[in-house]
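Novice:
Residue numbers (the UniProt record's numbering): 1 to 368.
#1: How far does the beta strand (DSSP E) with residue 77 in it extend, from its first residue to its last?
#2: Confirm, please, whether the CB-CB distance from residue 141 to residue 116 is below 8 Å.
#3: On the CB-based measure, 16 or more other CB atoms within 10 Å of its CB, does residue 164 come out buried or exposed?
#4: Count the other C-beta atoms from every protein chain shown that fall within 10 angstroms of the C-beta of residue 348, then say buried if there are 16 or more, exposed otherwise.
#5: Which of helix, strand or coil does DSSP assign to residue 114?
#6: Could you compute how far the alpha carbon of residue 408 sits from the alpha carbon of residue 80?
#7: Could you pull the start and end residues of the beta strand (DSSP E) that residue 71 belongs to?
#8: Between the alpha carbons of residue 322 and residue 227, how many angstroms are there, rounded?
#9: Out of 286, 295, 269 and 344, which one is the CA nearest neighbour of residue 369?
#10: Can you give me the C-alpha to C-alpha distance between residue 241 and residue 200, rounded to a whole angstrom?
#11: Spatial neighbours of residue 310 within its chain, please: CB distance less than 8 Å, with the 5 preceding and 5 following residues excluded, ordered by chain position.
#12: When the Cα atoms are used, what is the spatial distance from residue 351 to residue 236?
#13: Does the contact criterion of 3 or more C-beta pairs under 8 Å hold for the segment 255 to 271 versus the segment 212 to 230?
#14: Alpha carbon to alpha carbon, what distance is there between residue 252 and residue 133?
#15: From the DSSP output, in three-state form, read off residue 313 for me.
#16: In the DSSP assignment, what are the bridge partners of residue 146?
#17: For the alpha helix (DSSP H) that residue 83 lies in, which residues bound it at each end?
#18: Residue 55 and residue 151: beta carbons closer than 8 Å?
#19: So the candidates are 64, 301 and 249; which of them puts its Cα closest to the Cα of residue 154?
#20: So which of 294, 293 and 283 has the shortest CA-CA distance to residue 326?
#21: Rounded to whole angstroms, what's the CA-CA distance from residue 204 to residue 212? Just pull it up for me.
#22: Can you have a look at residue 231 and say buried or exposed, based on whether 16 or more other CB atoms are within 10 angstroms of its CB?
#23: Could you tell me whether the Cβ atoms of residue 238 and residue 229 are closer together than 8 Å?
#24: How far does the alpha helix (DSSP H) with residue 262 in it reach, from first residue to last?
#25: Compute the distance between the beta-carbons of residue 50 and residue 147, then report whether it is under 8 Å.
#26: Who are the near neighbours of residue 42 in its chain, counting only those whose CB is closer than 6 Å to its CB and skipping five residues on each side?
#27: Going along the chain, which residues of its own chain have a beta-carbon closer than 6 Å to the beta-carbon of residue 131, five neighbours each way excluded?
#28: Bridge partners of residue 92, per DSSP?
#29: Which residues does DSSP list as the beta-bridge partners of residue 133?
#30: Excluding the five sequence neighbours on either side, which residues of its own chain have a C-beta within less than 8 Å of the C-beta of residue 295, listed in chain order?
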């Protein structure tokens, strides 16, 4: 794959490295390569170091991605990714009970700490499989390492893999993880923005589609959760779910997103009304059962719901407002009568203490 425009980023770094050493493959052979898999086979046959490594599937998430040549040491080319992880060919030492076994192979690590290793007799190119996680440092699963001589091909392979991961995470409703993977995909693809190629144009369209599709899918899922929560009567939680769904649509365009945005707006306006109706019904049940002790708290909730309805720009039905006022007055009256009865009981004792207690009860009743 070639480009009439010299791209920045990864390609520029690779070109800078190439100018400082002998080319790994002649230009004619490089132009014949069409994908990363073909490149890997050519490298194995040619016994030369690859220009690009593509690490995927590692338990250390930041160890995945594109690795470019960083420098050459006594063992050969050392590769480095954007997060500072290194891949190099080195001698390994493994201590046993009585001896120290030494062997040659590839190592993937960071900060002098080995994370993954694989035994190999090829100092030119790491094998794709056979890697193992180093105890105390590595994390399962172990990586797969692909080789290529064209950074554009390597980036395209990596981006396609990330798009599959994004789709799987979305199917599992792992929205945060999917969004983070999308950001990594966009960062990786930014290196190819100046590359003129049908493949790059197609993959750019795929990523842009995910940029719209992912938040839209999340908004739909949140709306569904909100609807189910409404059925259970948990209105505060439902309102939060609807608000979160609406925020997901901030950067979404198109008729489907606009339709969902309108639906959420209508629902969010009516949730306070539904919550008011539920609170009013519960208060009415206590009122009809003469449960005056618990009615006070429920009427306070009704008042709170009525205020939320007003703030949402909705009108409170007059019959509901009248009914609530009637219950409030009756509740107050019954509370006063209860206090008066307690005062009458104390006064009936005919003692100084009884009259004093009755006076307090009557004073409380008058304040109510």
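Note that CB positions come from ideal geometry on N, CA and C, so glycine has one too.
Small disclaimer: the values here were computed from a predicted structure and weren't measured.
Specialist: Once the coordinates are examined:
#1: 76 to 80
#2: no
#3: exposed
#4: exposed
#5: Reduced to three states, the DSSP call for residue 114 is strand.
#6: In this structure the chain extends from 1 to 368, so residue 408 is not present and cannot be described.
#7: It spans 65 to 73 - the beta strand (DSSP E) in which residue 71 sits, taken as one unbroken run.
#8: 30 Å
#9: Not covered by the structure: residue 369. The range shown for the chain is 1 to 368.
#10: 37 Å
#11: Contacts found: 316.
#12: Distance between the alpha carbons of residue 351 and residue 236: 53 Å.
#13: yes
#14: 41 Å
#15: coil
#16: 54
#17: Looking at the DSSP string, residue 83 is not in any alpha helix (DSSP H), and its letter there is neither H nor E.
#18: no
#19: 64
#20: 283
#21: 13 Å
#22: The residue is exposed, with fewer than 16 neighbouring Cβ atoms inside 10 Å.
#23: yes
#24: Counting along the chain, residue 262 sits inside the alpha helix (DSSP H) bounded by residues 255 to 288.
#25: yes
#26: Any reading at residue 42 must be qualified, since the residue scores a pLDDT of 47, below 50, and its modelled position is unreliable; no value is offered.
#27: 116, 118, 142 and 143
#28: 103
#29: 116
#30: 283, 286, 287, 327 and 331
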